[in-house]
Amino acid sequence: MYVTSVKCSKCEQEYSPHNLLTVCKDCGGALLFQYHLDKVAEAISKETLRYRESTFWKFKELLPITSPKNIVSLGEPYTPLLKLPKSLVKPFKNVYAKDEGRLPTGTFKARGMAVTVSKLKELGVKRLAIPSAGNAAAALAAYGARAGMEVHAFIPKDAPETTIKECFFLGAKVHLVDGLISNAAALMNKLKDQHGWFDASTNKQPYRFEGYKAMAFEIAEQYNWKPPDAIIFPTGGGEGVIGLWKGFKELVELGWINETPRIIIAQSTGCAPLVEAFHKRANELVKPWPNAQTIAAGLRVPSPYASYLTLRAIRETNGNAIAVSDEEIIQSMKSLLKSGVYACPEAAATLAALNKSVEYNVFDPDERILLCLTGTVMKNFDLLTVNKDKLSSNH
């Protein structure tokens with residue numbers, strides 16, 4: 002393992018990577034693993050990686066797992082890049098989508114939970130708890146089941162029923178909560194200490210970021226180490242953005258790529274606290290988004306923890322932030338399906354943001370743009386209505 006320490010992203014206090022960690026004890030900041038990248042560069046190269054199996058575990062030197070025997074895997078593949086048809090992305094000429102729906106449990110959350118559960122297994126943790134809009138809980142339930150861990154999922158009652166069932170049948174103890182993910186977190190926080198649960202919440206431990214940064218490694222390799230000019234990422238809690246940013250920064254420091262792509266976040270107009278904060282040039286959120294409502298459950302996070310870090314990632318990469326309506330999201334889901342691409346509402350927000358970006362001149366038409374499709378539509382077909390009168394019948 003090439004980890005040197007775990008550092009607070011706010012006050013820079015350092016912690017041992019061998020201890021069980023949550024957030025900074027001094028300031029509450031999010032913690033980030035640090036690596037001896039000079040030694041990594043001596044040990045492996047881009048050429049070395051070509052001969053390894055194409056899963057994100059191929060980047061083992063840049064992950065915090067001490068021993069391969071502790072890896073908890075459900076067969077995580079490289080997720081494909083799909084060239085999107087010009088008719089779907091006019092006036093842009095070079096747009097690809099990375100289809101994270103091919104991962105176990107159907108969303109990118111599998112990345113964070115694979116690494117988190119593996120590291121927690123290494124540290125002897127047996128009981129976990131998480132507040133979630135659904136997909137993170139499902140991924141934690143799946144990997145927790147594989148590792149023989151007890152998982153408690155605190156989920157809003159109006160979360161997608163498919164995901165609630167998914168958590169239940171994966172063996173998680175499901176606690177349905179009135180209100181939003183913030184209410185789910187409040188209830189979990191009241192109970193976690195007395196029950197001895199490790200808090201696997203978004204941005205409140207350093208492990209999930211390490212799984213998400215593997216997206217950056219995959220993307221860089223799939224683009225032959227010349228990453229796209231810009232990446233659009235749907236954002237609720239922000240951990241995916243933080244992971245991407247961290248991963249690309251490490252690749253730049255290794256000398257494997259020249260620069261980090263611009264990161265553009267997509268949120269719903271019904272819950273866009275990070276978009277608002279970015280355009281107001283705020284460094285951090287000061288109050289929750291009022292009356293948060295959107296069909297994209299994963300984007301309904303009114304007050305993401307460590308918002309300063311997501312905003313830092315956007316600004317350091319000269320990125321941007323775009324909010325789109327639920328109507329635009331639904332239309333983008335349908336458009337992607339007609340191109341054979343399975344995108345959940347959160348994922349489809351990226352295409353909606355690309356279309357909306359034309360109004361603000363965010364991109365040059367010739368730029369290489371990547372949409373991160375964070376999950377499959379298979380859990381969300383109930384959002385798409387069908388006029389049965391227009392269906393053809395076979396007799």
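Numbering (this note's numbering), first residue to last: 2 to 396. Glycine included, each C-beta is placed from N, C-alpha and C at the ideal position.
Integer Cβ distance of G87 from K94, believed to fall under 8 Å: Before going on, a small fix: residue 87 reads as Lys here, not Gly. Correct: roughly 7 Å between the Cβ atoms.
Cut-off 6 Å between Cβ atoms - residues of its own chain near V276, not counting five sequence neighbours on either side: Q268, A322, A324
Per DSSP, cross-strand counterpart(s) of R369: N95
Exposure of Q206, with buried meaning 16 or more beta-carbon neighbours within 10 Å: buried
Three-state secondary structure assigned by DSSP to E360: helix
Cβ separation of H153 and H176, assumed to be a contact under 8 Å, to the nearest whole Å: 6 Å
Neighbourhood of M379 by C-beta, 7 Å cutoff - its chain only, sequence neighbours within 5 removed: G107, Y343
Exposure of F218, with buried meaning 16 or more beta-carbon neighbours within 10 Å: Around the beta carbon of F218, 16 or more other beta carbons lie within 10 angstroms, which makes this residue buried.
Test: S55 CB closer than 8 Å to a CB of chain B: Note that chain B does not occur in the displayed structure, where there is just one protein chain.
Span separating the alpha-carbon of H396 from that of K193: Only weak support is given to the placement of H396: the predicted model assigns it a pLDDT of 46, under 50, and the question is left unresolved by the model.
Same chain only: Cβ atoms within 7 Å of W226, ignoring 5 sequence neighbours per side: K47, W257, I258
For V276, the first and last residue of its enclosing beta strand (DSSP E): That residue, V276, is in no beta strand (DSSP E); its alpha helix (DSSP H) goes 274 to 280.
P228, DSSP secondary structure in three states: DSSP places P228 in the coil class of the three-state scheme, outside both helix and strand.
Residue closest to G376, alpha-carbon to alpha-carbon, out of P132, L337, E285: L337
Whole runs of the beta strand (DSSP E) within the stretch 92 to 146, excluding any shorter than 3 residues: 95 to 100, 128 to 132
Where P78 falls, given that 16 or more other Cβ within 10 Å makes a residue buried: exposed
Meets three-Cβ-pair contact criterion under 8 Å: the stretch 115 to 125 and the stretch 238 to 254: no
Cβ contact check for the stretch 294 to 303 and the stretch 312 to 322: 3 or more pairs under 8 Å: Verdict: no, contact absent.
P228 versus A348, L252, R53, residue with shortest Cα-Cα distance: The residue from A348, L252, R53 with its alpha-carbon nearest to that of P228 is L252.
Where H396 sits in the DSSP three-state scheme: Its pLDDT being 46, under 50, H396 is placed unreliably by the model, and nothing is read from it.
According to DSSP, residues forming a beta bridge with Y36: V4
Euclidean distance between Cα positions of E260 and A42: 17 Å
At least three beta-carbon pairs within less than 8 Å, the stretch 63 to 70 to the stretch 2 to 21: yes
Nonlocal neighbours in the same chain, by C-beta distance under 7 Å from I72, ignoring five residues either side: W58, I66, S119
C-alpha gap between D200 and T23, whole angstroms: 8 Å
Neighbour-count burial assignment, F382, 16 or more Cβ in a 10 Å radius: exposed
A444 versus P235: straight-line alpha-carbon distance, rounded: Outside the displayed span of the chain (2 to 396) sits residue 444, for which this structure offers no information.
Where the alpha helix (DSSP H) containing N184 begins and where it ends: 182 to 196
Cutoff 8 Å; reference E13; Cβ partners in own chain excluding five residues on either side: none
Between the CA atoms of A348 and M216 - distance to the nearest angstrom: Roughly 15 Å separates the two Cα atoms.
E151, enclosing beta strand (DSSP E) - first and last residue: 151 to 157
Touch test, the stretch 140 to 154 against the stretch 171 to 188, Cβ-Cβ under 8 Å, three pairs minimum: yes
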